[in-house]
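In our numbering, the protein residues as written are 90 to 428.
A virtual CB, placed ideally from N, CA and C, is assigned to each residue, including glycine.
In this text, all values refer to a predicted model and were calculated from it rather than measured experimentally.
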Amino acid sequence: MTTNTQEKAIPSNTHRFCVAPMMAWTNRHARYFMRLITKSALLYTEMVPLNALLHGNQKRFLEYSNSEHPLALQIGGSDPQGLAQATYIAREWGYSEINLNLGCPSNRVANANFGACLMQHPSLVAECINAMVLTNQLPVTVKCRIGINNMDTGERLNHFIEQISKSGCKTIILHARQALLNGLSPKENREIPPLDYQRVYQIKNDFPDLSIIINGGITDLDQSIVHLGHVDGVMLGRAAYQNPFLLAKVDQRLFNSKRSPIDRATIIQKLMPYCEKELALGTPLHHITRHIMGLFRGYPGGKLWRRYLSTKAIESNATSNTIFEALQKIVPNHITASL
């Protein structure tokens with residue numbers, strides 16, 4: 090990836106702005122689309138369970154387009170040697186980073202002994218990270234909560250951070266909520282436990298040599314900039330997926346890019362060759378269009394855009410022209426005619 094040499098030197102592969110790993114959402118089609126909008130944000134895969142990676146169809150889980158870089162693989166597991174093997178695999182596939190999921194609160198994940206439940210076992214987590222780091226293949230990062238089950242988030246969290254940092258993890262993504270593992274669904278765990286941004290800020294103060302990335306409840310770039318006054322990076326999840334056009338100014342506002350922000354019609358134009366290639370490979374159009382529904386969120390005609398795609402893209406004979414037809418519903422014809 091090239092960088093304008095006249096711009097301030099902020100590397101495009103830092104964690105200054107990240108799009109969170111989201112199950113069923115941040116697959117390769119969504120990431121390709123997002124990369125058309127921002128060249129600098131760090132993108133993450135969906136979480137891949139360790140056993141699925143080691144014993145399943147690797148191409149299904151790991152395939153991506155080269156343009157998606159910088160790109161991190163998120164893995165879920167608790168077997169040190171298996172995670173070390175996964176780190177080798179991630180390197181072979183060309184990923185920029187491997188991230189260990191320590192924040193997912195679902196019962197299904199907990200029953201498989203990974204995700205947020207591992208925060209109860211800092212020694213095991215440290216062993217896992219150490220095994221991954223010793224492969225000397227990729228940067229190893231973690232994504233976790235500020236606590237679990239209303240346990241004290243003070244000394245416990247600091248002890249946890251200290252343990253994993255001593256094992257070689259130097260970048261920690263902190264979701265600024267506790268995870269309540271008994272009685273709340275994953276959706277409720279994203280909404281009910283209160284946000285505590287100050288706790289994340291305090292971790293940065295307590296561990297100044299670590300790169301601390303804040304996550305949870307952040308919905309726009311203005312909020313991101315405020316957080317960047319306290320921590321090293323921000324991670325947005327659903328806000329970036331549901332309103333992807335907010336990514337259009339990430340490069341300019343957070344990475345000092347001199348490129349002009351891309352407009353919506355140009356995004357669609359640049360997406361067309363990808364759609365046509367995927368259609369030729371047998372990918373149904375709606376597998377792609379479901380990730381672009383929010384492109385016109387807050388824009389006049391946005392509901393019409395979503396309605397047209399949701400009904401037409403699922404038809405068996407849908408082609409990439411279906412997207413242009415949806416675009417013509419809300420963008421002047423003289424603009425779409427030039428695309």
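Suppose the cutoff is 7 angstroms on Cβ atoms and the five residues either side in sequence are ignored; what does the same chain contact list for residue i look like?
i: Glu96; result: With a pLDDT of only 36 at Glu96, under the threshold of 50, the placement of this residue in the model should not be trusted, and no figure is reported.
i: His104; result: Leu131, Thr260, Ser300, Ile302, Asp321 and Gly322
i: Phe249; result: Met208 and Pro211
i: Ile237; result: Ala205, Met208, Gln209, Gln267, Ala268 and Leu270
i: Ala109; result: Tyr133, Asn304, Met324, Leu325 and Gly326
Within the continuous alpha helix (DSSP H) that includes residue i, where are the two ends?
i: Met123; result: Arg117 to Ile126
i: Gln252; result: Glu244 to Lys255
i: His316; result: Leu310 to His316
i: Gly171; result: Pro169 to Glu181
i: Leu393; result: Gly391 to Lys401
i: Met361; result: Arg353 to Ala369
Can you tell me where the beta strand (DSSP E) with residue i in it begins and where it stops?
i: Cys107; result: Phe106 to Val108
i: His264; result: Thr260 to Ala268
i: Cys233; result: Val229 to Ile237
i: Thr134; result: Leu131 to Pro138
i: Ala161; result: Leu160 to Gly165
i: Met324; result: Gly322 to Leu325
Considering only the alpha carbon of each residue, which of the options lies closest to residue i?
i: Ile235; options: Cys258, Ile419, Gly145 and Tyr286; result: Tyr286
i: Tyr66; options: Ile314, Asn146 and Leu160; result: What is shown of the chain runs 90 to 428, which leaves residue 66 out entirely.
i: Leu246; options: Cys258, Lys255, Cys233 and Gly257; result: Cys233
i: Ser129; options: Glu135, Asn155 and Leu343; result: Leu343
i: Lys401; options: Met221, Met382, Gly387 and Thr308; result: Met382
i: Asn332; options: Ser274, Thr134 and Arg353; result: Arg353
i: Ser256; options: Asn188, Val214 and Pro297; result: Val214
i: Tyr290; options: Lys276, Gly318, Asn278 and Val137; result: Gly318
i: Thr378; options: Thr411, Thr355 and Ala369; result: Thr411
i: Asp298; options: Arg327, Leu335, Leu374 and Glu251; result: Glu251
i: Ile356; options: Ile314, Phe334 and Ala369; result: Phe334
i: Asn155; options: Arg124, Lys276 and Pro110; result: Arg124
Answer with buried or exposed for residue i, where buried requires no fewer than 16 other C-beta atoms within 10 angstroms of its C-beta.
i: Arg34; result: Absent from the structure is residue 34, since the part of the chain shown begins at 90 and ends at 428.
i: Pro362; result: exposed
i: Phe349; result: Note on identity: in this sequence residue 349 is Ser, with Phe being the wrong assignment. Exposed, by the Cβ-count rule.
i: Ile281; result: exposed
i: Ala119; result: buried
i: Ala265; result: buried
i: Asp340; result: buried
i: Tyr388; result: exposed
i: Gly165; result: buried
To the nearest angstrom, how far is it from the Cα of residue i to the Cα of residue j?
i: Ile253; j: Cys364; result: 42 angstroms
i: Leu223; j: Ala173; result: 8 angstroms
i: Asp309; j: Cys193; result: 23 angstroms
i: Gly145; j: Leu191; result: 22 angstroms
i: Ser167; j: Met221; result: 11 angstroms
i: Arg197; j: Val420; result: 44 angstroms
i: Arg149; j: Trp394; result: 30 angstroms
i: Glu414; j: Trp114; result: 24 angstroms
i: Met112; j: Tyr133; result: 11 angstroms
i: Leu336; j: Arg327; result: 12 angstroms
i: Lys293; j: Thr408; result: 49 angstroms
Give me, in chain order, the residues of the same chain whose beta-carbon lies closer than 6 angstroms to that of residue i; leave out the 5 immediate sequence neighbours on both sides.
i: Arg180; result: Gln226 and Leu227
i: Leu151; result: Trp182
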